[in-house]
Amino acid sequence: MDHRTKIETRHLNVSRCDLHIHSRYSARSEEWLFRRFDFPDSYSDPNQLYGQLLKRGMDYVTITDHDTIEGCLQIAHLPRTFLSEQVTTYFSHDSCKLHILVWGISEQQHREIESVRDNIFELQRYLQTAQITHAVAHPLYSVNGKLEACHVEQLILLFKHFEGINGLRDALLSDLAQTLFGQLTPEKIDELANRHNLAPTHTQPWKKIFIGGSDDHGGQFAASAFTDTPSTDSAEEFLEFVRNGDCNAQGQGGTPLILSHGFYNTVACFIQDRFHEKLGPGAALVEKMFSRFMEGRAPTEFTLKEKMEFVVQGVLSGKIFEFVKPANVSLWNELSGYFARPEVKAKLAAQLDGVNEPERRTFLMANMVAEQLTFRFFKKFVQQISSGNMVESMQALSAIVPILVILTPYIYGFHSQAPSRKWLRTIFKELTGEIPVALQNRRRAWFTDTLDDVNGVATTIRRMVAAGAKADRDLTVVVSRNDLSIDNIPI
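Going by my numbering, the first residue of the sequence shown is number -3, and it counts up by one from there.
Encoded structure:
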């Protein structure tokens, strides 16, 4: 399902709700990069989220901010809403941090949850006694790096509901969570209960219930994952279906690009929020350029209507002449000049052809621009160092640093989204005794700088890859060449 396409809703047979989504009322971000620079967790406005979620096909709307219901209270007067939050809790003996989603609570229950949330066992007892619908969020994602197999085993005994599809974290984690919990048996539950001296808290603990939520922090991917139930007339009835397990996790898991895209959006909102006045009359222009970039479009290609809007805005503000200050003109000329080059336009068109997702289009564009600029500066560095110009060469090399800074969200996104396959294999080995296909690392890549050459190494590579293909083995050769005369093996 394309998360940007409106979901056909108001079906007679199902009701839908994104059960994991954040607003600007969430506390300090869990992401290290955001904490390091004191960025907020989200800039999403609750009322805007409400409209977006309904537009994208959700029948009910709730917000699960970190340990607060303030976002929900902002929309509590609107129809088809209910109070929820994402509760931060811990295994007290080692401070392993977990997130528990709770839905359909009251303000009094929120205060009571706050008093017990530091201990996951006390929290679970309270939620069960109060009959509050709840689930473990992203169960195979280690929030603070302390999650181990022993914690997952206890979660299995403590909780019935788990997030089966998380729209932010790597889809592999969602797939593996459903695989892991789907393999539970009564015998395995008895084994875990004896190992931890902990009785299951619910009936048929080997049968888990899965919910879905986007875990969106920027409003861009709201409803990319959601939960559906049989058609209902009220939020209470919807949550009752969820509590009883008559529900399904729907949508798609996350990717590094979704996480990075959200980072860029939050950083942009942060800059606009903190430095709007300093940006002056060019703020609207910068905002529009960034908006186009986030949509995966050339940031300096404006329609005649958009250009006229900038002029009108400048006239009405009385600052029209500031738009043509040398510094502003220089920046605009530099950017528009680059994207107006025929070769750049052609390459962009080729890169983006057939790619519809904004986050992927944005990544391809950023990657191409960064690659070309980095190569240009590095080439200049080599030329200067070859001529003995030490200072000039360092200046050329230092120009690459800002490019890396701009790419930081992608670097961090790919790094943080890459789950530890070794850790996941350990989890599965301890819990099921086997490793799922997705973690068996059956694919192989062979990097070489000699393939077209006539020598023993090249011949061996071609024979090995051909033999692998014949034996249905996934082996691909990776080589840096503009043109290759070989086309009968995976390259």
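Built from N, CA and C at the ideal position, the CB exists for glycine as well.
Residues of the same chain with a CB within less than 6 Å of the CB of Gly100, apart from the 5 flanking positions on each side, are Phe78, Thr129, Leu235 in chain order.
By the C-beta criterion, the region 199 to 219 is judged to be in contact with the region 259 to 267, since at least 3 inter-stretch pairs fall below 8 Å. Contact fails between the region 396 to 410 and the region 164 to 174, because fewer than three Cβ pairs, one in each stretch, are under 8 Å apart. In the structure shown, the three-state DSSP call for Thr77 is strand. Judged by their CB atoms, Asp55 and Ala219 are not nearer to each other than the 8 Å cut-off. Annotation for His106: Ile65 place their beta carbon closer than 6 Å to its own, counting only its chain and skipping 5 residues before and after.
Taking a contact to require three or more Cβ pairs closer than 8 Å, the region 143 to 152 and the region 86 to 97 qualify as touching.
DSSP, read as helix, strand or coil, puts Arg417 in helix.
The alpha carbon of Glu81 has as its nearest neighbour, out of Leu136, Leu123, Val365, the alpha carbon of Leu123.
Classified as exposed, Phe371 has fewer than 16 neighbouring CB atoms from the shown chains inside 10 Å of its CB.
Between Ile109 and Val98, the beta carbon gap of about 7 Å places them in contact (Cβ cut-off 8 Å).
Shown here, Ile185 sits in a helix according to DSSP, grouped into three states. Per the coordinates, the alpha-carbon of Asn43 lies some 10 Å from the alpha-carbon of Ala72. If you ignore the 5 residues before and after Arg239, its C-beta comes within less than 6 Å of the C-beta of Thr129, all in its own chain and listed in chain order. Take the alpha-carbon of Asp63 and the one of Tyr21: they are about 10 Å apart. By the beta-carbon neighbour count (other beta carbons within 10 angstroms, threshold 16), Met361 is buried. Of all alpha-carbon atoms in Pro398, Ala366, Leu154, Ser394, the one lying nearest the alpha-carbon of Val378 is that of Ser394.
Residue state for His89 is assigned as coil, using DSSP reduced to three classes.
The criterion of a C-beta distance shorter than 8 Å is not satisfied by Leu255 and Pro415. Short of 7 Å from the beta carbon of Arg438, and not among the five residues preceding or following it, lie these beta carbons of its own chain, in chain order: Asp470.
Within the same chain, Gln150 come within 6 Å of His192 by CB-CB distance, once the 5 residues on both sides are set aside. Note that the C-beta distance between Phe373 and Ile396 is below 8 Å.
The region 432 to 471 contains, as complete alpha helix (DSSP H) runs of 4+ residues, the segments 452 to 466 (chain order). A direct Cα-to-Cα measurement between Phe87 and Val148 gives close to 11 Å. Pro201 places its beta carbon less than 8 Å from that of Leu153. Nearest to Val83 by alpha-carbon distance, out of Glu233, Asp224, Arg113, Pro405, is Arg113.
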